[in-house]
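Working notes, structure below.
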Amino acid sequence: MKKRLLAAGYLRDIEFDSQDSMDLYIYSLEHKKLEFKILDKFTRDDGSIIIRILQQYNNAEMVKL
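Under this note's numbering, the first residue of the sequence shown carries the number 244, and numbering increases by one thereafter.
Now the structure itself:
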């Protein structure tokens with residue numbers, strides 16, 4: 244039986260110590276030409292940031308959530 248991956252993605256929760264750290268990470272994704280979508284963003288009182296991000300998996304079309 245043949246199978247074909249139609250859509251996929253990584254769902255990640257990532258904590259950054261600052262806005263600059265997050266910006267650098269997002270820049271690196273854009274530079275690698277990876278498709279991604281930030282689903283949620285939370286800034287803590289100490290300035291750290293948590294994002295929930297959906298990233299493309301290999302060359303597969305990104306799954307729609």
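Heads up, the beta-carbon is just placed ideally off N, CA and C, and yes, glycines get one too.
Just to confirm my understanding: we take residue i, look at its own chain, exclude 5 residues before and 5 after, and list those with CB closer than 7 Å. What are they?
| i | result |
| --- | --- |
| L308 | L297 |
| L282 | R295, I296, L297 |
| L248 | A303 |
Classify residue i as buried or exposed, calling it buried when 16 or more other Cβ atoms lie within 10 Å of its own Cβ.
| i | result |
| --- | --- |
| Q299 | buried |
| G252 | buried |
| M265 | buried |
Less than 6 Å between C-beta atoms, sequence neighbours within five positions excluded: which residues of the same chain meet that for residue i?
| i | result |
| --- | --- |
| E284 | This sequence places Lys at residue 284; Glu is not what is there. I294, listed in sequence order. |
| D256 | R295 |
| L254 | L297 |
| F259 | M265, I292 |
Take residue i and list the residues in its own chain whose beta-carbon comes closer than 8 Å to its own, dropping the five residues that flank it on each side.
| i | result |
| --- | --- |
| E278 | Q298, Q299, M305 |
| K245 | none |
**Asked** Can you give, in chain order, each stretch of the beta strand (DSSP E) that sits fully within the segment 260-299 and has at least 3 residues?
**Response** 279-286, 292-299
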